[in-house]
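Line by line, the protein sequences are chains A and B. What the first sequence shows, in my numbering, is residues 13 to 214, in sequence order. What the second sequence shows, in my numbering, is residues 13 to 214, in sequence order. Ideal Cβ placement from N, Cα and C applies to all residues, glycine included. Model, not experiment: these values are computed from the prediction. Here is the structure we will look at, set down as structure tokens.
2 protein chains.
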Amino acid sequence: MAVIADITVSLDGYVTGPNPGPSNGLGDGGEALHAWVFASDSPQDRDVLERSMARYGAVVMGRRLFDVVDGPSGWSEDRGFGAGAEPDGAPPVFVVTHTQPEHVRLADQMHIVTEGVAVAVARAVDAAGDKDVSVMGGGSVIRSVLAEGLADRLVLHVAPLLLGSGTPLFTADEPLRASLHIDDVVATMHATHMTYLVGAVH
Amino acid sequence: MAVIADITVSLDGYVTGPNPGPSNGLGDGGEALHAWVFASDSPQDRDVLERSMARYGAVVMGRRLFDVVDGPSGWSEDRGFGAGAEPDGAPPVFVVTHTQPEHVRLADQMHIVTEGVAVAVARAVDAAGDKDVSVMGGGSVIRSVLAEGLADRLVLHVAPLLLGSGTPLFTADEPLRASLHIDDVVATMHATHMTYLVGAVH
Chain A
13 MAVIADITVS LDGYVTGPNP GPSNGLGDGG EALHAWVFAS DSPQDRDVLE RSMARYGAVV
73 MGRRLFDVVD GPSGWSEDRG FGAGAEPDGA PPVFVVTHTQ PEHVRLADQM HIVTEGVAVA
133 VARAVDAAGD KDVSVMGGGS VIRSVLAEGL ADRLVLHVAP LLLGSGTPLF TADEPLRASL
193 HIDDVVATMH ATHMTYLVGA VH
Chain B
13 MAVIADITVS LDGYVTGPNP GPSNGLGDGG EALHAWVFAS DSPQDRDVLE RSMARYGAVV
73 MGRRLFDVVD GPSGWSEDRG FGAGAEPDGA PPVFVVTHTQ PEHVRLADQM HIVTEGVAVA
133 VARAVDAAGD KDVSVMGGGS VIRSVLAEGL ADRLVLHVAP LLLGSGTPLF TADEPLRASL
193 HIDDVVATMH ATHMTYLVGA VH
């Protein structure tokens with residue numbers, strides 16, 4: 013069992029393009045980040061995706077990512093991410109947010125966590141059993157799990173593009189210093205999938 | 013013949029740690045960036061280095077990098093980078109700077125260019141003959157050659173560490189947008205060597 017911070021990032025370090033949000037997904041040009049998921053016919057890309065989906069027993073994500081994944085409906089509508097649409101056996105998802113939303117009907121496997129990222133990870137670890145926990149973003153949640161020493165591995169899928177602006181994964185405002193150990197690198201046309209073991213972060 | 017922007021960068025996108033300068037090299041903790049050059053016994057790291065050195069017929073670098081490479085002496089002393097110390101056959105180096113330094117004695121293969129990065133690259137291309145030109149930094153010179161469409165390839169040696177702060181390779185102040193094409197990836201314990209073909213930059 014491992015806690016794995018797992019996110020796709022441009023070569024210049026952005027996890028979205030500019031102007032991300034529920035009505036604009038991953039921001040201007042941001043959808044190109046995920047060509048390795050949606051536009052690749054590489055067996056290696058598919059293998060990376062399928063292996064991680066098979067490995068993950070629970071997912072942690074932040075509120076903003078939840079809203080993006082959920083599309084324009086967001087919190088304010090009568091349904092949350094995947095309500096009624098998730099296949100049986102979809103892993104439980106723990107959404108980190110500061111305040112409990114009032115108007116949202118969540119799918120059974122969705123859980124709101126208002127006590128911070130460490131509690132969300134702990135609950136996900138419990139729920140995952142022998143499987144791994146995927147912390148899938150956004151950037152601020154990834155930074156928090158790294159800063160709080162909660163992540164065993166960091167997986168970056170580095171897309172071959174420069175976005176120029178958007179949401180940075182790492183920010184000078186919240187600097188993280190760490191030695192990492194390269195565990196595995198898989199390169200395809202659409203991404204370089206880099207897995208690191210996370211050492212002490214300070 | 014190709015113009016290759018070639019630089020080592022931390023996973024969080026810094027080409028130096030904080031406080032870089034002639035008396036502090038690549039900044040606090042920055043020397044760890046180049047473990048793949050100086051502390052690796054990997055034949056693959058050595059091969060990456062030797063192949064690029066064999067391929068480069070001329071080098072372009074910025075003034076600040078020159079000063080760092082040159083150590084504490086910098087411009088103000090009576091000798092420049094490698095004066096008298098370069099082996100025969102060392103490639104010519106074109107140093108981009110705004111103002112001609114007054115007190116510097118340069119080795120024969122060193123040239124000062126005050127007319128901007130495009131002129132430096134053009135002179136390097138002339139000097140390189142059939143070989144490639146390496147634009148080896150620092151960050152601002154790399155950004156300029158990308159922004160001006162002068163680079164055919166971008167080689168990033170991504171070191172497995174988070175520096176947290178320092179000199180960023182890509183900055184929100186000078187955003188570059190580009191589609192890149194992955195050409196080659198070599199992964200070792202000390203770095204992931206990523207070569208991209210550079211498409212249109214805007």
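- Put simply, the CB of Gly176 (chain A) is near chain B, with a gap under 8 Å to one of its CB atoms.
- The residue among A:Asp144, A:Leu168, A:Leu209 with its C-alpha nearest the C-alpha of Ala66 (chain A) is A:Asp144.
- Not one beta carbon of chain A lies nearer than 8 Å to the beta carbon of Ile16 (chain B).
- Looking at the DSSP output, Phe106 (chain B) bridges to B:Val72, B:His123.
- The bridge partners DSSP lists for Arg155 (chain A) come to none.
- As the crow flies, the alpha-carbon of His46 (chain B) is around 15 Å from that of Ile194 (chain A).
- In the DSSP assignment, Arg165 (chain B) falls within the unbroken beta strand (DSSP E) covering 165–171.
- Within the model, the alpha-carbon separation for Met206 (chain B) versus Ala51 (chain A) is close to 21 Å.
- Asp195 (chain B) carries a strand assignment under DSSP once its states are collapsed to helix, strand and coil.
- The beta carbon of Gly151 (chain A) lies closer than 6 Å to those of Val27, Thr179, Leu181 in the same chain, with the five residues before and after it left out.
- Thr207 (chain A) has a beta carbon lying at 8 Å or more from every beta carbon in chain B.
- One alpha carbon belongs to Asp59 (chain B), the other to Arg135 (chain A), and they sit about 46 Å apart.
- Taking a C-beta distance under 8 Å as the contact criterion, Ile19 (chain B) and Ile154 (chain B) qualify as a contact pair.
- DSSP, read as helix, strand or coil, puts Ala132 (chain B) in helix.
- If you draw a 10 Å sphere on the C-beta of Thr204 (chain A), you find 16 or more other C-beta atoms in it, and that means buried.
- Taking C-beta separations shorter than 8 Å and ignoring five residues to either side along the sequence, the partners of Ser191 (chain B) in its chain run Gly211, Ala212, following chain order.
- Among the residues of chain B, those whose CB is under 9 Å from the CB of Ser191 (chain A) are Ala44, Pro172, Leu173, Leu174, following chain order.
- Residue environment: Val133 (chain A) is assigned as buried (16 or more neighbouring CB atoms within 10 Å of its CB, all protein chains considered).
- The Cβ atoms of Leu174 (chain B) and Leu188 (chain A) lie closer than 8 Å to each other.
- Residues of chain A with a Cβ closer than 7 Å to the Cβ of Pro187 (chain B) are, in chain order, Gly176, Ser177.
- Residue-level contact by beta carbon fails for Phe50 (chain A) and chain B, as no gap is shorter than 8 Å.
- Under the Cβ distance rule, Asp24 (chain A) counts among the residues neighbouring chain B, one pair being separated by less than 8 Å.
- In this model, Met148 (chain A) and Ala159 (chain B) are separated by some 32 Å (Cα to Cα).
- The beta carbon of Val167 (chain B) lies closer than 8 Å to those of Ile16, Ala17, Asp18, Ile19, Ser64, His205, Met206, Thr207, Tyr208 in the same chain, with the five residues before and after it left out.
- Put simply, the CB of Ile194 (chain A) is near chain B, with a gap under 8 Å to one of its CB atoms.
- The three-state reading of DSSP puts Pro55 (chain A) in helix, counting H, G and I together.
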